[in-house]
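All remarks here apply to the structure that follows.
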């Protein structure tokens, strides 16, 4: 048995480095096998339910595609506004009920802590697909996977996190995951959207060097990887400040061309204006490859928590 | 061929006792096989469509999971507010159209009689998953299954139906199903929410002894099984009466502890306040097992109406 | 390799006659095999995503059922009002993202040209399931299939297109497809809802004889096939004119009985009042068979664009 068999995947701090490496290695094995096969039927007869209290096309499809590629089946619940929830059922009851029909549950919910609440109630493994501003562990794992693949390594990287570091839970989860590696972080955000103290304290306690950088061009000059995030106008009390800052955080082909050494560009997507579509053609623009990596990482997670593999070796068969 | 092959399952009175026993026996066989297997591929290549004009996470997922566990496939239609229906298509046309793409149709619709309307139009078997206040036959069958499993028998049971007996179609369908067995019914409801005359007349004609009981503790003292249902505040003309009565129908750990002989507790779910979560830990609290039983019963129904089995023997085979 | 392998199916004019014949022949082969088999597993492990920005139960289910009957799997996105789209993501980004998780993409979108936009962004074949008033190529193909099957031929047919010829994209796409055959068209519509000039010019340039007819009875007397469409009251500036015209375009059993030689009746459905349900019993009423044909045609399209067959021969095995 692998150490994740039967486990809930609720947040990054609950995972040991060995767990993370196990997921990344299994994901690499799935990527290798999908190059020549369209189906790896390790989960035949198993059922995944996606229980989404907030819409998220990307994350939902990624999990569902991962389950299908493993030969398993999928049930979707996303009409939560109008179902049992509307009849006043508690999250715990819904999770426990849905768990009667499936083997693994993926939940997205706006409330921090909701994934744990569901996991406590359900008799099957629960994977957190985002619980409000709290955590989004599978995004962090696919981000790690992408960093390692694009850069050939994790140790030694200097990574800039850019944009809304206050509300962007993907940067929080990624920062928590990176404490297991020898990296340096550059934090680039407007003052209103600084990285929260609970994250920077976690970094400091973990001995991860980090500092703030003032602008995107500065970050691009220094970093191996620039992780962009979406800034929302409504986060600013002063609209003129938003207008002033906006341009600082928009990645253009000109900025790419000017960079002394072009960094790898990541983004959890969806993007709005913060990366010009004209950047997509640069080979360093890795964000659509990053999307694809989500498939491999989620296949690994599903196969591991359902105990269908003990590690990468069995995937490669 | 089994007698249900090709049949519609529209309401309980249309089923003979032999039909009901056939379903229950097949359901037991599926439960037994699922203990060691995750897939029983009797319906490979067959397609179920769930056509839900009202949301019902529980019932929809239960049917869909049952189909997947049988190796079949599922199509879902639940965006009825915005589809052909919105374009003015009749239910008959929608049902007949959808039936072109599938092998069996499960329908939920707020209008009593709608399931029969769909069945008349569609060329495939139709299963009623609730048509307004009329009938919910598959819930009644899974309730029977649960009663038999929890109590070891159906004949000889004294069963209390508690709560909203007027609008709660699950109690109507269950009462109709119980006329095939030697049971005694206790009816426990506020005066506003009494069991309708068409149900009690059916019981009387069928020779089922029934009487009203005044309170939940009284019912618990006398009954082998207490079947709780949700009472909705909006059903009461006088809110003060609701407040007064409410507590009478709330099952608490204290009531469980006081009961001279603890009854089995069922509930079709979702619950709101009428069963305290603290009751869940009692071994007599069977409502989540009841949910799971829905999977076995619906597997049996699907395999039978699609003619994939003639009875329980072939499932165990 | 067949010439459609890897291709997008965006509109009828992009298809050569040989492409159309290839699809129709493969569809016939699938129909033949489904008569004895419930599953033709040519697309095992492949994933179809339906990306519907407008609801369309019929078209979505038809594609999804086709994929399932081929042993493939399906992901559905229809909550577009509340997902990435709502976060401001471009159609191109959504299409490119979704394409990371699947092997073929079916899109419906209210904007003419949107299917091509998606196809330019996505790395997988894209099939247009209706882009506003522009095109609905798979409906035209299933209409051709139905014409050929019901009449035993395409060449030599006189076909009446009746109703809303202005906004009804199905008649536009069908007219474009018919230019490959020796047919004659009768156009029957209120003055407000005449066939647009871009369609009639295309017909004229292609040498297809067409003329207007004044009434449904006239069309029924002359045509081999009457293709009915829905007329929407809101299309009329003058409601009294709608009331006056309405009856002219309602097909009744009386009209069927009066017709000197009964034509085959088609309709893309859903219908509202324009065909009386009492017509359904006539053997010439082919519109529900037409629905079923959509399954065969879409199986053919999916198997061809995914390169699973080179033509009909391989389907018949």
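Residue numbers (our numbering), protein chains in the order written: chain A, 1 to 317; chain B, 1 to 317; chain C, 1 to 317. We put the CB at the ideal spot given by N, CA and C, even for glycine.
key: DSSP state of residue 228 of chain B mapped onto helix, strand, coil   = strand
task = Could you work out which residue in A:241, A:286, A:316, A:161 is closest to residue 212 of chain A when comparing CA atoms only?
result = A:161
task = Excluding the 5 residues preceding and the 5 following residue 130 of chain B in the sequence, name in chain order all residues of the same chain whose CB lies nearer than 6 Å to its CB.
result = 108, 136
ask   = Applying the criterion that 16 or more other CB atoms from any shown protein chain within 10 Å of the CB defines a buried residue, is residue 214 of chain B buried or exposed?
value = exposed
Through-space distance from residue 78 of chain C to residue 54 of chain C, alpha-carbon basis = Approximately 8 Å between the Cα atoms of the pair.
query = At which residue ranges does the stretch 11 to 91 of chain C contain complete alpha helix (DSSP H) runs of 4 or more residues, listed in the order of the chain?
reply = 17 to 34, 57 to 69
message = Let me confirm a value: residue 207 of chain B is counted as buried when at least 16 other C-beta atoms fall within 10 Å, else exposed. Which label applies?
response = exposed
query = What does a CB cutoff of less than 7 Å around residue 7 of chain C pick up in its chain, not counting 5 residues either side in sequence?
reply = 125, 305
inquiry  = Rounding to the nearest angstrom, what Cα-Cα distance links residue 275 of chain C and residue 171 of chain C in this structure?
reply    = 17 Å
Interface positions of the stretch 266 to 277 of chain A facing chain C (Cβ-Cβ less than 9 Å), listed along the chain = 269, 270, 271, 272, 273, 277
task = Return helix, strand or coil for residue 208 of chain B, following the three-state DSSP convention.
result = Residue state, collapsed to three classes: coil.
key: is_contact[residue 117 of chain C, chain B] using C-beta, thresh 8 Å   = no
task = Taking only beta-carbon positions, decide if residue 53 of chain B is within less than 8 Å of chain C.
result = no
query = Around the C-beta of residue 197 of chain C, are 16 or more other C-beta atoms found within 10 angstroms, so that it is buried, or is it exposed?
reply = Flag for residue 197 of chain C reads exposed.
ask   = Across which residues does DSSP place residue 266 of chain C in a beta bridge pair?
value = C:227
Residues that residue 120 of chain A contacts on chain B, provided the C-beta gap is smaller than 8 Å = Within chain B, no residue comes near residue 120 of chain A; the closest Cβ sits about 12 Å away, beyond 8 Å.
inquiry  = Taking contact to mean 3 or more Cβ pairs, one atom from each stretch, closer than 8 Å, check whether the stretch 142 to 159 of chain B and the stretch 101 to 115 of chain B are in contact.
reply    = no
inquiry  = For chain B, check one thing: does any of its Cβ atoms lie closer than 8 Å to the Cβ of residue 101 of chain A?
reply    = yes
message = At a CB distance below 7 Å, what residues from the stretch 288 to 308 of chain B approach chain A? Give them in sequence order.
response = 288, 291, 292, 295
task = Kindly list the residues whose CB is nearer than 8 Å to the CB of residue 96 of chain A, restricted to its own chain and excluding five residues on each side of it in sequence; keep chain order.
result = 121, 122, 123
query = Could you check where the beta strand (DSSP E) with residue 131 of chain A kicks off and where it finishes?
reply = 126 to 131
request  = In angstroms with no decimal places, state the Cα-to-Cα distance between residue 67 of chain C and residue 45 of chain C.
outcome  = 11 Å
task = With a threshold of 16 other CB atoms inside 10 Å of the CB of residue 294 of chain C, please say whether the residue is buried or exposed.
result = Counting Cβ neighbours within 10 Å, residue 294 of chain C comes out buried, since at least 16 surround it.
query = Expressed to the nearest angstrom, what Euclidean distance is found between the alpha-carbon atoms of residue 340 of chain C and residue 103 of chain B?
reply = No answer is possible for residue 340 of chain C: the residues shown for chain C start at 1 and end at 317.
task = Quick one: grab the DSSP three-state call for residue 284 of chain C.
result = coil
request  = Answer with buried or exposed for residue 31 of chain C, where buried requires no fewer than 16 other C-beta atoms within 10 angstroms of its C-beta.
outcome  = buried
query = residue 317 of chain B to residue 26 of chain B, Cα distance in whole Å?
reply = Answer to the nearest angstrom: the Cα atoms are 12 Å apart.
key: Pairwise C-alpha distance: residue 195 of chain C and residue 300 of chain B   = 53 Å
Per DSSP, the bridge partner or partners of residue 161 of chain C = C:187, C:227
key: Minimum C-alpha distance to residue 187 of chain B - residue among B:291, B:261, B:216, B:133   = B:216
ask   = Closer than 8 Å, CB to CB, is residue 36 of chain A near chain C or not?
value = Interface with chain C (8 Å Cβ-Cβ cutoff): residue 36 of chain A is excluded.
request  = Indicate whether residue 154 of chain B and residue 297 of chain B have their beta-carbon atoms separated by less than 8 Å.
outcome  = no
inquiry  = Can you look up residue 105 of chain B in the DSSP assignment and give me helix, strand or coil?
reply    = strand
request  = Please work out which residues of its chain come closer than 6 Å, Cβ to Cβ, to residue 60 of chain C, disregarding the five sequence neighbours upstream and downstream, and give them in chain order.
outcome  = 50, 52
query = Using the C-alpha atoms, what's the distance from residue 133 of chain C back to residue 169 of chain C?
reply = 5 Å
inquiry  = Distance check for residue 28 of chain B and residue 22 of chain B, CA to CA, integer angstroms please.
reply    = Distance from the CA of residue 22 of chain B to the CA of residue 28 of chain B, rounded to the nearest whole angstrom, comes to 10 Å.
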